[in-house]
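Below you'll find the structure, written out as structure tokens, and then a few comments.
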Amino acid sequence: MSQADKAAAFAALHVPGTPLVIYNIWDAGTAKAVSQAGAKAIATGSWSVAEAQGYPDGEHIPLEVLLPIAKRIVASTDLPVSIDFEGGYATEPDQLAGNITALIGTGAIGLNFEDQVVGGDGLYPLDTQVTRIKAVRAAADAAGVPLFINARTDLFLKSKPDAHADHMAEALDRAAAYAEAGGSGFFIPGLTDHDMITQVCEAASLPVNVMMRGKLSSVSQVAALGVARTSYGPGPFANAMTQAAEGFTAAAAS
């Protein structure tokens, strides 16, 4: 398939109630392993990719290091590949658009795009983030690729669970605005309350992505809430590193 066809196929996999399972990978090797296990699509996790190269998360891995990794991942599989691009490595629309063009050049067909100020405090004001999403969409349109923009809100990751209800109105406002700006999906990592997830799924016009953690224990469970995509974030990488350490400990003790 062409890159544009892969992007369209990826978007079609986001079905509320029958969620796409994304078991986040960090390099070509893990992409191949997950592909061969039967995955329908591949997506990275920013924390995992950064840690695998010795960098902390938060756009500390240089763009000139990240882009070749993305290109190798795309080359390793026939599946659609989405890249966790954090905040796009830019604040201003012009620089952001250039970075998106470079990302599309790797063959990627989607990205996670955050509304937190990476390396700063809080979230971008709604109007600012809308402008940023529009810049991403414009760059994708110019490249002729219907890029899947998984518009992420960090409202819930940046607050404690007992305060999540207080952020629901703003989350729904952001979901609506991100959809109008050209977003393709709405990602709500950190939100694990079943009733609130259902409320987001019912109100949002975009397919909803959750991160599997805490109260979210199975795909079938979140499917019943109306979720269209599940992600596992840094969990797969953390599990692999634990296994490596335990393997060494056992070998050294034998």
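The numbering of the sequence shown is the working numbering, which starts it at 59 and goes up by one. Each residue gets a CB set at the ideal place from its N, CA and C atoms; glycine is no exception.
Rounded to whole angstroms, what's the CA-CA distance from Arg195 to Gly241? Just pull it up for me.
Locating residue 195 in the sequence shown gives position 137, counting from the first residue. Locating residue 241 in the sequence shown gives position 183, counting from the first residue. The straight-line gap from Cα to Cα measures roughly 8 Å.
To the nearest angstrom, how far is it from the Cα of Thr186 to the Cα of Arg210?
Within the sequence shown, residue 186 is the residue found at index 128, counting from 1. Within the sequence shown, residue 210 is the residue found at index 152, counting from 1. It is roughly 14 Å from the alpha-carbon of Thr186 to the alpha-carbon of Arg210.
Pick from Gly103, Asp85 and Pro138: whose alpha carbon is nearest that of Ala70?
Taking the sequence shown and counting its residues from 1, the one referred to as residue 70 is at position 12. That would be Pro138, whose Cα lies nearest to the Cα of Ala70.
Do Val92 and the ligand ZN come close, with the Cβ less than 7 Å from some heavy atom?
No copy of the ligand ZN occurs in the structure displayed, which carries no ligand at all.
Any idea what DSSP makes of Glu144, helix, strand or coil?
For this step, residue 144 is matched to residue 86 along the sequence shown. Coil at Glu144, not helix or strand.
Is it buried or exposed for Gln61, if we count other Cβ within 10 angstroms and need 16 for buried?
If you number the sequence shown from 1, residue 61 lands on position 3. Buried, since its Cβ has 16 or more Cβ neighbours within 10 Å.
Identity of the residue in Ala239, Arg287 and Ala235 nearest Ile255 by Cα
Taking the first residue of the sequence shown as position 1, residue 255 is located at position 197. Shortest Cα-Cα distance from Ile255 to any of Ala239, Arg287 and Ala235 involves Arg287.
Identify whether Phe244 lies in helix, strand or coil by the three-state DSSP scheme.
As a working note, residue 244 is residue 186 in the sequence shown. Under the three-state reduction of DSSP output, Phe244 falls in the strand class.
Closest residue to Ser275 among Pro292, Asn267, Thr250 and Met299 (Cα-Cα distance)
In the sequence shown, the residue the question calls residue 275 occupies position 217. Closest by alpha carbon: Thr250.
Report the CB separation of Asn208 from Gly243 in whole angstroms; it is logged as a contact under 8 Å.
As a working note, residue 208 is residue 150 in the sequence shown. As a working note, residue 243 is residue 185 in the sequence shown. Contact holds; Cβ gap of about 4 Å.
Span separating the alpha-carbon of Ile158 from that of Leu215
Counting from one through the sequence shown, the residue named residue 158 turns up at place 100. Counting from one through the sequence shown, the residue named residue 215 turns up at place 157. Computed Cα separation, rounded: 25 Å.
Look at the Cβ atom of Ile141, then the Cβ atom of Leu169, and state whether they are nearer than 8 Å.
For this step, residue 141 is matched to residue 83 along the sequence shown. For this step, residue 169 is matched to residue 111 along the sequence shown. Yes, the pair counts as a contact, with Cβ atoms nearer than the cut-off.
Can you have a look at Pro126 and say buried or exposed, based on whether 16 or more other CB atoms are within 10 angstroms of its CB?
Numbered from 1 along the sequence shown, position 68 holds the residue referred to as residue 126. Burial call: exposed.
Put Phe306 into one of helix, strand or coil per three-state DSSP.
On the sequence shown, residue 306 is found 248 positions in, with the first residue counted as 1. Phe306 sits in a helix when the DSSP states are folded into three classes.
Using only the alpha-carbon positions, how far apart do Ala262 and Glu122 sit?
As a working note, residue 262 is residue 204 in the sequence shown. As a working note, residue 122 is residue 64 in the sequence shown. Rounded to the nearest whole angstrom, the CA to CA distance from Ala262 to Glu122 is 35 Å.
Residues bridged to Gln174 (per DSSP):
Within the sequence shown, numbered from 1, the residue matching residue 174 stands at position 116. Leu181.
Using DSSP bridges, identify the partner residues of Ile207.
Sequence index remark: in the sequence shown, residue 207 carries index 149 (1-based). The beta-bridge partner set that DSSP reports for Ile207 consists of Leu169.
For Thr135, the first and last residue of its enclosing alpha helix (DSSP H):
Translated into positions along the sequence shown, residue 135 becomes position 77. It is not in any alpha helix (DSSP H) - Thr135 carries neither H nor E in the DSSP assignment.
If we count the other Cβ atoms within 10 Å of its Cβ and call it buried at 16 or more, is Gln94 buried or exposed?
Counting from 1 along the sequence shown, the entry for residue 94 is found at position 36. Around the Cβ of Gln94, a 10 Å sphere holds fewer than 16 other Cβ atoms; the residue is exposed.
My guess is that Lys192 and Ala239 are in contact by the Cβ rule of under 8 Å, so how many angstroms apart are they, rounded?
Your numbering for residue 192 matches position 134 in the sequence shown. Your numbering for residue 239 matches position 181 in the sequence shown. That pair is a contact at about 5 Å.
Quick check on Thr102: does DSSP put it in helix, strand or coil?
In the sequence shown, residue 102 corresponds to position 44, counting from 1. Three-state DSSP puts Thr102 in a strand.
Can you give the Cα-Cα distance for Val176 and Thr102, rounded to whole angstroms?
Position 118 of the sequence shown, counting from 1, holds the residue named residue 176. Position 44 of the sequence shown, counting from 1, holds the residue named residue 102. In a straight line, the C-alpha of Val176 is about 18 Å away from that of Thr102.
If we ignore side chains and look at the alpha-carbon of each, how far apart do Ala237 and Ser278 end up?
The residue given as residue 237 occupies position 179 in the sequence shown. The residue given as residue 278 occupies position 220 in the sequence shown. Between Ala237 and Ser278, the C-alpha separation is close to 26 Å.
How would you write the range of the alpha helix (DSSP H) that Ser276 sits in, first residue to last?
For the purposes of this step, residue 276 is taken as the residue at position 218 of the sequence shown. Careful: Ser276 lies outside any alpha helix (DSSP H) and carries neither H nor E.
Tell me whether Ile255 sits in a helix, a strand or coil according to DSSP, three-state version.
By 1-based counting over the sequence shown, the position of residue 255 is 197. Look at Ile255 here: in three-state DSSP terms it is helix.
Quick check: the stretch 74-94 against the stretch 286-303, are there 3 or more CB pairs under 8 Å?
With the rule of 3 Cβ pairs closer than 8 Å, the stretch 74-94 counts as touching the stretch 286-303.
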